[in-house]
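All remarks here apply to the structure that follows.
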Amino acid sequence: MHEKYGITEADFRSAELCACPAFHPKDLGLDRSMIGAYGQDDKVCCFAQFKAETEMTDPEFTSMMVFADKEETGSDGPTGMRSVFWKDFLEDVASAWNYPIRHVLRKSLCLSCDVNAAVDPAWPEVFESRNCSYLGRGPVVSKYTGSRGKYSTNDASAETMGYLRSILDEAQVPWQVGELGRIDVGGGGTIASEISIHNLDTIDMGVPVLSMHAPMEVTSKVDDYLLYKAMKAFFTCKVPKDF
0 MHEKYGITEA DFRSAELCAC PAFHPKDLGL DRSMIGAYGQ DDKVCCFAQF
50 KAETEMTDPE FTSMMVFADK EETGSDGPTG MRSVFWKDFL EDVASAWNYP
100 IRHVLRKSLC LSCDVNAAVD PAWPEVFESR NCSYLGRGPV VSKYTGSRGK
150 YSTNDASAET MGYLRSILDE AQVPWQVGEL GRIDVGGGGT IASEISIHNL
200 DTIDMGVPVL SMHAPMEVTS KVDDYLLYKA MKAFFTCKVP KDF
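Take 0 as the starting number for the sequence shown in numbering that gives the first Met the number 0 and just add one per residue.
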């Protein structure tokens, strides 16, 4: 490592090292309809929203993307969503137009773009088959996450759900609702609760994933593409937020 990268033994005292699987992303399925890759949670959602945002030419509203770190370890630290860096940035922008930041947040809407658990036919007992999401049926809109029901979660309002529905239906983007497994068996969270605490309407939307957090996670190419279409519809919508 020293000959190739110039790394010395002393550098390990301050280094951040990650052991990652050595394989490249692969096409899966007889029809190659799926992608098997490491770390799709949550690179797949980051890519979809980044591509959608950068393709905007004449947006109706001001938009902002935040790529947060530490989501799997509590969202702490200066780069996690519990940090006020994003709120400080918004306050700088709002103050330039003499708007109080609390008014901007109250009139905004946030999509917490994170994956959800797809029903795994190999482990059907840990899912509610009529309530959880499936590969190939479009992005998942999650009203709430959490565990033991809706404990420790953001619970989006009916008005927020209805507003997002109107955007997706207007853009003719197929979508589904879902949750993270059976009550008292599955569960999990996102950064939505760290955002909504600031009086900012927040809702989760992402793609369903098989084998979440495994060395090889599996997503559907259809879902990945439709999430991009959904994000593009969200960024370019002309439906006013009037709730």
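Built from N, CA and C at the ideal position, the CB exists for glycine as well. What you are looking at is a predicted structure, and each value in this text was computed from that prediction instead of being measured.
Exposure of residue i, with buried meaning 16 or more beta-carbon neighbours within 10 Å
{"i": "Y150", "result": "exposed"}
{"i": "P77", "result": "exposed"}
{"i": "A95", "result": "exposed"}
{"i": "V43", "result": "buried"}
{"i": "Y4", "result": "exposed"}
{"i": "A21", "result": "exposed"}
{"i": "D113", "result": "buried"}
Residue nearest to residue i in terms of C-alpha spacing, selected from the options
{"i": "Q175", "options": "R136, I182, S165", "result": "R136"}
{"i": "F126", "options": "H212, M33, K228, D183", "result": "D183"}
{"i": "S293", "options": "E59, M230, E193", "result": "Here the chain covers residues 0 to 242 and nothing more, so residue 293 does not appear."}
{"i": "V206", "options": "L199, D30, T218", "result": "T218"}
{"i": "E15", "options": "S195, I6, V92", "result": "I6"}
{"i": "L134", "options": "K25, S13, P173", "result": "P173"}
{"i": "I100", "options": "W85, V114, C112, E70", "result": "W85"}
Euclidean distance between Cα positions of residue i and residue j
{"i": "G187", "j": "T152", "result": "9 Å"}
{"i": "C19", "j": "M215", "result": "10 Å"}
{"i": "S141", "j": "G177", "result": "6 Å"}
{"i": "L108", "j": "Y224", "result": "22 Å"}
{"i": "T72", "j": "R81", "result": "11 Å"}
{"i": "A191", "j": "V118", "result": "22 Å"}
{"i": "R105", "j": "A36", "result": "38 Å"}
{"i": "S156", "j": "Y143", "result": "10 Å"}
{"i": "T56", "j": "S195", "result": "28 Å"}
Residue i vs residue j beta-carbon contact at 8 Å
{"i": "D40", "j": "H212", "result": "yes"}
{"i": "K220", "j": "S62", "result": "no"}
{"i": "S222", "j": "P120", "result": "Note that residue 222 corresponds to Asp in the displayed sequence, not to Ser. No, the pair does not count as a contact, with Cβ atoms beyond the cut-off."}
{"i": "K237", "j": "Y162", "result": "no"}
{"i": "P58", "j": "T235", "result": "yes"}
{"i": "A116", "j": "L179", "result": "yes"}
Worksheet entry | Sufficient close CB pairs (3 or more, under 8 Å) joining the region 51 to 58 to the region 222 to 238 | yes
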